[in-house]
Amino acid sequence: MYRLKDKERIFIYTGPDGSGRKTLGKMVATAFDMQTVPSFTTRSPRPFENNGEDYHFVSKETFRQMMQQKEFLESVEIDGHFYGIREIDIVNIFKKNKVVYLTLNAEGADVLKQMYGDKAVRIFVYADRDTVLERQMKRGDSPEDIERHMKHYNETMDYKSACEHVYENYDLPQVSYQISEMIETYLDRQLIADDY
Numbered sequence: 011m012y013r014l015k016d017k018e019r020i021f022i023y024t025g026p027d028g029s030g031r032k033t034l035g036k037m038v039a040t041a042f043d044m045q046t047v048p049s050f051t052t053r054s055p056r057p058f059e060n061n062g063e064d065y066h067f068v069s070k071e072t073f074r075q076m077m078q079q080k081e082f083l084e085s086v087e088i089d090g091h092f093y094g095i096r097e098i099d100i101v102n103i104f105k106k107n108k109v110v111y112l113t114l115n116a117e118g119a120d121v122l123k124q125m126y127g128d129k130a131v132r133i134f135v136y137a138d139r140d141t142v143l144e145r146q147m148k149r150g151d152s153p154e155d156i157e158r159h160m161k162h163y164n165e166t167m168d169y170k171s172a173c174e175h176v177y178e179n180y181d182l183p184q185v186s187y188q189i190s191e192m193i194e195t196y197l198d199r200q201l202i203a204d205d206y
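Here the sequence shown stands for residues 11 to 206, where the numbers follow this note's numbering.
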């Protein structure tokens with residue numbers, strides 16, 4: 011297991027599918043030059059997803075081989091699909107950055123929290139049931155995927171109370187700003203405001 015050094019942090023976005031957690035992660039990252047590590051998954055790509063950017067899409071056989079070779083820092087199975095973060099990707103990203111962000115389901119977030127304690131900060135992003143349903147339809151998710159996501163909505167929402175920070179994603183720029191302010195408190199960069 012990779013051991014996080016003194017100032018290294020992992021910020022983990024989690025919450026219901028369609029809550030905007032991945033979009034917020036990308037927006038906030040630009041303010042901090044923060045990088046992410048795409049998970050590996052055995053599920054098929056959705057219409058808007060790019061291999062190597064959103065996820066690494068692999069076969070179950072490849073995923074199992076990677077598991078046997080102990081390549082994953084964490085891996086979970088949800089609805090017959092496997093998801094995992096490769097340890098070498100985390101190691102490599104921390105060579106260049108002190109902070110990393112990940113977008114994980116509750117199970118993955120929980121595993122990393124147990125591994126890294128205070129150095130893993132969970133950010134729960136949510137929207138009400140109708141909003142996430144609408145967003146999933148708008149982005150072109152299949153009816154089967156939507157049904158599967160919505161089946162997990164309530165149990166995912168239950169994870170909210172376990173997370174360090176919770177944000178309702180009602181307005182992307184506003185929530186992005188709030189999350190950025192919160193992350194700043196962890197970084198201890200001692201920024202000095204310049205007089206213009």
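Glycine included, each C-beta is placed from N, C-alpha and C at the ideal position.
Query raised in the report: Should Pro-48 be labelled buried (16 or more other beta-carbon atoms within 10 Å of its own) or exposed?
Result: As a working mapping, residue 48 is identified with position 38 in the sequence shown. Pro-48 is buried by the Cβ-count criterion.
Query raised in the report: Under three-state DSSP, which class holds Tyr-65?
Result: To locate residue 65, count along the sequence shown from 1; it is residue 55. In this structure, Tyr-65 counts as strand in the three-state DSSP scheme.
Query raised in the report: Considering only the beta carbon of each residue, do Phe-82 and Thr-52 sit closer than 8 Å?
Result: Translated into the one-based positions of the sequence shown, residue 82 becomes position 72. Translated into the one-based positions of the sequence shown, residue 52 becomes position 42. No, the Cβ-Cβ distance between Phe-82 and Thr-52 is not below 8 Å.
Query raised in the report: Any idea what DSSP makes of Met-192, helix, strand or coil?
Result: Taking the first residue of the sequence shown as position 1, residue 192 is located at position 182. Residue state, collapsed to three classes: helix.
Requested in this report: Name the residue from Ile-103, Asp-120, Ile-193, Glu-194 whose alpha carbon lies nearest to the alpha carbon of Asp-168.
Outcome: Taking the first residue of the sequence shown as 1, we reach residue 168 at position 158. Per the Cα distances, Asp-120.
Query raised in the report: Where DSSP assigns a beta bridge to His-91, which residues make up the other side?
Result: One-based indexing of the sequence shown puts residue 91 at position 81. His-91 pairs with Ile-88.
Query raised in the report: Cβ of Asp-140 less than 8 Å from any chain D Cβ?
Result: Included in the structure is just one protein chain, with no chain D present.
Requested in this report: Go ahead and pull the three-state DSSP assignment for Leu-182.
Outcome: Along the sequence shown, one-based indexing puts residue 182 at 172. Three-state result, Leu-182: helix.
Report task. Give me the Cα-Cα distance between Ile-156 and Gly-30, rounded to the nearest whole angstrom. Result -> Here residue 156 refers to the residue found at position 146 when the sequence shown is read from its first residue. Here residue 30 refers to the residue found at position 20 when the sequence shown is read from its first residue. Cα-Cα distance, rounded: 15 Å.
Report task. Check the DSSP bridge columns for Ile-22 and list the partner residues they point to. Result -> Here residue 22 refers to the residue found at position 12 when the sequence shown is read from its first residue. Answer is Leu-112, Arg-132.
Requested in this report: Identify whether Arg-13 lies in helix, strand or coil by the three-state DSSP scheme.
Outcome: Residue mapping note: residue 13 aligns to position 3 of the sequence shown, counting from 1. Three-state result, Arg-13: coil.
Requested in this report: Assuming Lys-17 and Lys-108 form a contact by the criterion Cβ under 8 Å, report the distance between their Cβ atoms to the nearest whole angstrom.
Outcome: The residue given as residue 17 occupies position 7 in the sequence shown. The residue given as residue 108 occupies position 98 in the sequence shown. That pair is a contact at about 5 Å.
Requested in this report: With DSSP as the reference, label Arg-96 as helix, strand or coil.
Outcome: Your numbering for residue 96 matches position 86 in the sequence shown. It is a strand residue.
Query raised in the report: Are the Cβ atoms of Asp-27 and His-159 separated by less than 8 Å?
Result: Within the sequence shown, the letter at position 17 stands for residue 27. Within the sequence shown, the letter at position 149 stands for residue 159. In contact: Asp-27 and His-159 (Cβ atoms closer than 8 Å).
Query - Alpha carbon of Leu-34 to alpha carbon of Asp-99, nearest angstrom - result: If you number the sequence shown from 1, residue 34 lands on position 24. If you number the sequence shown from 1, residue 99 lands on position 89. If I take the Cα positions, the gap works out to 21 Å.
Query raised in the report: For Val-176, which residues does DSSP report across the bridge?
Result: Residue numbering aside, residue 176 sits at position 166 when the sequence shown is read from its first letter. In the DSSP output, where bridge partners are listed per residue, Val-176 has Phe-134.
**Report entry** Candidates Ala-172, Ile-133, Phe-73, of which the one nearest Glu-191 by Cα
**Finding:** The residue labelled residue 191 in the question sits at position 181 within the sequence shown. Taking only the C-alpha atoms, the option nearest Glu-191 is Ile-133.
**Report entry** Contacts around Arg-149, its chain only, beta-carbon distance under 7 Å, and the 5 residues preceding and following it disregarded
**Finding:** Here residue 149 is taken as the residue at index 139 of the sequence shown, counted from 1. Counting only Cβ-Cβ distances below 7 Å, and skipping sequence neighbours, we find Phe-58.
Report task. Spell out the partners DSSP gives Thr-215 in its beta bridges. Result -> The chain is shown from 11 up to 206; residue 215 falls before or after that span and cannot be answered.
Query - Counterpart residues of Gln-45 in DSSP-defined beta bridges - result: Counting from one through the sequence shown, the residue named residue 45 turns up at place 35. DSSP output for Gln-45 lists Val-110 as bridge partner(s).
Query - Cut-off 7 Å between Cβ atoms - residues of its own chain near Ala-130, not counting five sequence neighbours on either side - result: To locate residue 130, count along the sequence shown from 1; it is residue 120. Excluding sequence neighbours, Ala-130 sits near Ile-20, Ile-22, Leu-122, Lys-123.
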